[in-house]
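Enquirer: Dropping a structure here in structure tokens format, bear with me for questions.
In my numbering, the protein residues as written are 3 to 133.
Structural data, given as structure tokens:
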């Protein structure tokens, strides 16, 4: 009897997803409302994120968005996002939202409710069956 194993095929990289992620984030956090967006590499975490910020008189608001190219989110991805958010969580700063941006079809069961999930339809995980 033949057994089949599932494998996943990803034929794109994180850099290809960035422009699509940027467009989504810019719509949600528009510049005309005071939001500034930067793509930041956190050297100590070996992690790149979109850091969106709005500075007001009394507080700086942040949203942290992490683009992940994988077939399923792991605790490692979540820990990296939490550590990146912790870099900005200082009084009087406020983390407005934590976002994971993933390809369509990526397994998201492990992601807690306080983290927003954005699935980019332009990218998907292809499931392959092999004998």
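All C-beta atoms, glycine included, are put in the ideal place defined by N, C-alpha and C.
Where does the unbroken alpha helix (DSSP H) through residue 88 begin, and where does it stop?
Expert: Start and end: 77 to 88.
Enquirer: Keeping to the same chain, check which residues put their C-beta closer than 7 angstroms to that of residue 109; ignore five residues upstream and five downstream.
Expert: If we look at residue 109 and ignore the five residues flanking it on each side, its Cβ neighbours are 73, 74, 75.
Enquirer: Within the continuous beta strand (DSSP E) that includes residue 64, where are the two ends?
Expert: It spans 62 to 69 - the beta strand (DSSP E) in which residue 64 sits, taken as one unbroken run.
Enquirer: Would residue 23 be called buried (16 or more neighbouring beta carbons within 10 Å of its own) or exposed?
Expert: Its Cβ being crowded by 16 or more others within 10 Å, residue 23 is buried.
Enquirer: Which of the three DSSP states, helix, strand or coil, is assigned to residue 22?
Expert: Here residue 22 sits in helix by DSSP.
Enquirer: Which residue from 40, 29, 104 puts its Cα closest to that of residue 18?
Expert: Checking every option, the nearest Cα to that of residue 18 belongs to 104.
Enquirer: How long is the line joining the alpha carbons of residue 68 and residue 122, rounded to whole angstroms?
Expert: Spanning the two alpha carbons is a distance of roughly 13 angstroms.
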